[in-house]
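First up is the structure itself, then whatever we jot down about it.
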Amino acid sequence: MLLEIKKLLENNTKISAWVINENISSSSELFFIKDKLDMNRACDTKEYHISIYVDFKENDILYKGDSIVVVSASDSIEEIQTKINDAVFYAEFVKNKWYDLPTNESNVIKGINSFKNLSILKKDYETIFNVFFKDYGYESKVNSCEIFAIEGLKRVISSKGTDVSFPYSRFIFELVTDCETGFEPVEIFNGYYLTEIDLELIEVLIKKQLSETYERSKAIRNEKLENKRVIISGNAVEEFLKFYIDQATDSSIYQKISKAKLNENFFNNSKEKLNIVMNPYLSSSINSMPVDAQGKILKPYVLYEDGVLKNLKTSARFSHYLNVDNLGNVNTFEVKGGEVSLNEYIKDDYIEIMEFSSFIMDTNTGDFGGEFRLAKVVENGKESFITGGAISENIFDIQNEMLFSKETLVYKSSICPKAIILDNITVSGK
Amino acid sequence: MKLNTSKYLLDKKDDLKKIINILKDEFEYVSILGIDNSGKTFRVSTSGTSITPSNEEDRGFVLRVFQDIGFSEYSFNEVDIDLICNRIREIAKKDREIYLKNNDYIEYKKSPKDEKEEIFYVADVKSLPTDINPMDIINKLTDIHDKTMKKYSELLQVILVLGVTQINKIFLSNNRDLYQSYIYANAYGIAMAQNENGVKVEFMPGSGLMGYELIDEIEELVDIAAYKAVELLKATKIEPGVYDIICDPDFTGLIAHEAFGHGAEMDMFVKNRAKGKEYMNKEVASSLVNMRDGAKSYQEASSYIFDDEGNLGTDTLIIDKGILNSGMNDELTSLLLDIEPTGNGKRESHKRKAYTRMTNTFFEEGNDSLEDMIKSIEYGYLLEGFVSGMEDPKNWGIQCVASKGREIVNGKLSGKIVSPVYLTGYVPELLKNVSMVSKGLKLSGTGYCGKGWKEWVKTSTGGSYIKTRGQLN
Chain A
1 MLLEIKKLLE NNTKISAWVI NENISSSSEL FFIKDKLDMN RACDTKEYHI
51 SIYVDFKEND ILYKGDSIVV VSASDSIEEI QTKINDAVFY AEFVKNKWYD
101 LPTNESNVIK GINSFKNLSI LKKDYETIFN VFFKDYGYES KVNSCEIFAI
151 EGLKRVISSK GTDVSFPYSR FIFELVTDCE TGFEPVEIFN GYYLTEIDLE
201 LIEVLIKKQL SETYERSKAI RNEKLENKRV IISGNAVEEF LKFYIDQATD
251 SSIYQKISKA KLNENFFNNS KEKLNIVMNP YLSSSINSMP VDAQGKILKP
301 YVLYEDGVLK NLKTSARFSH YLNVDNLGNV NTFEVKGGEV SLNEYIKDDY
351 IEIMEFSSFI MDTNTGDFGG EFRLAKVVEN GKESFITGGA ISENIFDIQN
401 EMLFSKETLV YKSSICPKAI ILDNITVSGK
Chain B
431 MKLNTSKYLL DKKDDLKKII NILKDEFEYV SILGIDNSGK TFRVSTSGTS
481 ITPSNEEDRG FVLRVFQDIG FSEYSFNEVD IDLICNRIRE IAKKDREIYL
531 KNNDYIEYKK SPKDEKEEIF YVADVKSLPT DINPMDIINK LTDIHDKTMK
581 KYSELLQVIL VLGVTQINKI FLSNNRDLYQ SYIYANAYGI AMAQNENGVK
631 VEFMPGSGLM GYELIDEIEE LVDIAAYKAV ELLKATKIEP GVYDIICDPD
681 FTGLIAHEAF GHGAEMDMFV KNRAKGKEYM NKEVASSLVN MRDGAKSYQE
731 ASSYIFDDEG NLGTDTLIID KGILNSGMND ELTSLLLDIE PTGNGKRESH
781 KRKAYTRMTN TFFEEGNDSL EDMIKSIEYG YLLEGFVSGM EDPKNWGIQC
831 VASKGREIVN GKLSGKIVSP VYLTGYVPEL LKNVSMVSKG LKLSGTGYCG
881 KGWKEWVKTS TGGSYIKTRG QLN
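For the protein sequence lines, the chains are A and B, in the order given.
If you're matching positions, the first sequence starts at 1 in the working numbering and goes up one per residue.
If you're matching positions, the second sequence starts at 431 in the working numbering and goes up one per residue.
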């Protein structure tokens, strides 16, 4: 079908450029209530997302319009032809200043690891089941679980010469754990996004969540706490640091939403030096991609070096407008840890927010915060747990004072410090 | 006039029936859902224009079978009868045999009712989505954009979004032959204002079961968004505490949906994940509170004739004068709890499982006036707009974020604005404190709802102004 789509695009004289993103995917899915299997599912799909570009002139000014077509595996050639014609018609009304689409020196990419998650799920089912549902000795238990084993193949092909194929594999699970033994029944739920069925890692993640669920069952609603050292850990760390990625994005800079300026320090005498590398080959992330949707082959590059914005996160259009190199749309990144170990930062009193209900970071305004479901309070060496409090801050008010732990952790799309340390923070309570 | 039907789905109908006929002797129950959704989203902003496919663009099928050892499903988008029949045998028999060899499964005492039903529903519209001229839409959005940018000097960006999606679905089983085509429109006016203190963003949503005629509302939406974004530039941080609050209809809807609605999804009852289970027929709110959900409860973006499991949409009274009256459910949940289906089984796409999901969820209007509500508060806040929310059905914790709070002092708005505002606390406490409910029910269907962190589906939420007391941060 890909060749037929390509032929239809090449035969349309109004089209100036095109990019086809082919995605072939298969999954096996299991849904458990406690350790009992409820439904099992499988999904086999083949889809094509086709970007169509049309160049045109008005009053001697050159414009580029674009539109996207989604083609499903069982669409007929006549339907695809109609969809392409419609897309051309719509693209002619999208009047954006002209820009060029990416070309590459070659179509060579680094090898991508992929794993046979579908066959392993069946072959090693008893072992996998045991890791999820065995009794780890906690008072908290697995309430329910959803498991998704996925394998796929992506191919990006463009009129500018890109032709790259790569496999991908994912093992995703949503885990709900509960504990009935505390002040009242409590639960914690989380989604985990792995590339392979790494049983050792899965066991670590399950135990951590069971432990935190037990701790939540002991947690009490807190009073207002002022001028505290607050340590943010867990998934909120990545969400927090994505602020700096968004500020470094070409579209944000072009639209003047961002405060970042190329080759300038984003901070003003910050205690921590921010170092971020965009890494499309981050093997721990399900979002790693060697090529972006516009056909740009991706390579690792430095985004921030010691707080200075060295490059932008780019797209074809806005990089052209800003007259900077298009390095492509990389979605995976690494943030260097700080100079000091987390152990040093927890010698004095602190509050570690371990689970937010939903951490919110507004990357336009810098407002961040949220209600938390579990936080650890350490006061004079004594540990207790609180729940239901909240923080509400703006990153521009605190960023020069914030600190990163030396230790780093793997997150969904990144490797980032294990914790972010903020001082003089108010935690609201009942 | 009537919408065009999906030629794709209707052309495939005979093949889908053949699959059901082949499999009906091998399984107790067989059904197929077919989806062919399409649409366009126009976006005009200060930095450019785009026309993209609708968020709900989707084409494919879900085959469901039931046997004595439970339910299995196969999602596909390539129709090859033999291949599909062999694949579902592999999934439901061979794979399930591996999974159940040494382990237990959820037992269903009966299969879906599958009562005889034939429906062919095609909605009426003022104008067909295929008849629009893209140039007219883009020109109008561009004119409004330019006018708004000129009116407010503090604006950095104005974004206007108008999308229309046509939903086409077919559901077939041994006894059911259902088809529906309908459309909904979503619009947003988004404004970003900037001064020396930073950037502030506001948006105003609009929606309805209609086509591109929603464009007539955009100018007002974006003007309100722009005015409010400029207002936000002078916002300060709130002093955390417990206050008398009035929630506007958008924020009331967020509370109905996130704080309470998720806890009334009865698949959570089955998993013992919802506190609501133990509060059935008990007081959970003030007697002024009535709450509804259902595809038939209101005509908005989440209204449909049948859900993604072939059950007809209903109108469910969730809270009746403060008493928890009923939850909502999907097919499997209704079987496990032995109750009637409420038609709330929804899927993100043909690729995903169906879960119990909300549709049009709202608190019913009351008899008070906003003016009287403000007058009744000595010190508190009027909360406006929604940013986000997160459910906690097991513990009825609240996290709902409002765009802003307007300070009320001695029964009057003082002009002071705080932002952002996090409402936290305990759901029944918040709802039991509801002391006034205004006239004027309003729903918004621009949002998408997740189940936990995934499974995004179209929902609408709303209510009127409510007065209560809550913890603000």
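Built from N, CA and C at the ideal position, the CB exists for glycine as well.
The model shown is predicted, which means the values in this text are computed figures rather than measured ones.
Taking 3 residues as the minimum length, the beta strand (DSSP E) runs contained wholly in the segment 641-722 of chain B are 671-677, in order along the chain. With respect to Asp798/B, Tyr673/B sits apart: the two C-beta atoms are not nearer than 9 Å. Per DSSP, the continuous alpha helix (DSSP H) segment holding Pro564/B begins and ends at 564-581. Against Met565/B, the close residues of chain A are Phe93, in the order they occur along the chain (beta-carbon pairs closer than 8 Å).
DSSP lists Ile465/B as the beta-bridge partner residues of Gly490/B. Listed in chain order, the alpha helix (DSSP H) runs fully inside the segment 163-230 of chain A are 199-218, counting runs of at least 4 residues. Asp646/B has its alpha-carbon roughly 46 Å from the corresponding atom of Ser169/A.
In this structure Met866/B is buried. Its beta-carbon is surrounded by 16 or more other beta-carbon atoms within 10 angstroms. Positions of the beta strand (DSSP E) runs, each at least 3 residues long and wholly inside the segment 728-767 of chain B, are given as 746-750 in order along the chain. Two segments are said to touch when three or more pairs of C-beta atoms, one from each, lie closer than 8 Å; by this definition the segment 829-848 of chain B does not touch the segment 866-885 of chain B. When DSSP reads this structure, Arg473/B sits in a beta bridge with Ser480/B, Val591/B.
When CB distances to chain B are screened at a threshold of 9 Å, the residues of the segment 23-44 of chain A falling below it are Ser25, Ser27, Ser28, Glu29, Leu30, Phe31, Phe32, Ile33, Lys34, Asp35, Lys36, Leu37, Asp38, Met39, Asn40, Arg41, Ala42, Cys43, Asp44, in chain order. Looking from the CA of Val714/B, the closest CA among Gln610/B, Ala689/B, Ile654/B, Leu843/B belongs to Ala689/B. In the three-state scheme derived from DSSP, where H, G and I count as helix and E and B as strand, Ser799/B is classed as coil. In the structure shown, the three-state DSSP call for Ser16/A is coil.
With the criterion set as a beta carbon lying under 8 Å from some beta carbon of chain A, the members of the segment 499-519 of chain B are Gly500, Phe501, Ser502, Glu503, Tyr504, Ser505, Phe506, Asn507, Glu508, Val509, Arg517, in sequence order.
For Glu187/A, the residues of chain B that pass the 8 Å Cβ criterion are Arg703, Lys824, Asn825, in the order they occur in the chain.
In the structure shown, the three-state DSSP call for Ser844/B is strand.
Per DSSP, the unbroken alpha helix (DSSP H) holding Ser119/A starts and ends at 117-123.
Counting the other CB atoms within 10 Å of its CB gives Gln729/B a total below 16, which places it among the exposed residues. For Ser119/A, the nearest beta carbon of chain B is not closer than 9 Å to its own beta carbon. For the beta strand (DSSP E) assignment, the uninterrupted runs of no fewer than 3 residues enclosed by the segment 314-360 of chain A are, from N- to C-terminal side, 333-335, 350-356. DSSP places Val867/B in the strand class (E or B) of the three-state scheme. Those residues of the segment 599-626 of chain B placed with their C-beta closer than 7 Å to a C-beta in chain A are Met622, ordered along the chain. Distances from the CA of Val839/B to each of Gly752/B, Ser436/B, Gly892/B, Ile804/B were compared; the closest alpha carbon is that of Ile804/B. Identification of residues in the segment 356-371 of chain A having a C-beta nearer than 7 Å to some C-beta of chain B yields Ser357, Ser358, Ile360, Asn364, Thr365, Gly366, Asp367, Gly369, Gly370, Glu371, given in sequence order.
Relative to Lys539/B, the option among Asp498/B, Asp822/B, Tyr582/B, Tyr642/B whose CA is nearest is Asp498/B.
Annotation: Pro850/B to Lys667/B spans about 7 Å, alpha carbon to alpha carbon. Annotation: Asp444/B has no Cβ neighbours in chain A at a cutoff of 7 Å; minimum Cβ distance is about 14 Å. For Pro679/B, no Cβ of chain A is located within less than 9 Å of the residue's own Cβ.
Ala621/B is bridged by DSSP to Val588/B, Glu632/B. Residue-level contact by beta carbon holds for Ser477/B and chain A, with a gap shorter than 9 Å. Around Arg526/B, the beta-carbon contacts reaching into chain A at under 9 Å are Leu37, Asn40.
Assigned with DSSP and collapsed to three states, Tyr529/B falls in helix. With contacts defined by Cβ atoms closer than 9 Å, Ile749/B and Leu860/B do not form a contacting pair. Among the CB atoms of chain B, one or more fall inside 9 Å of the CB of Tyr90/A.
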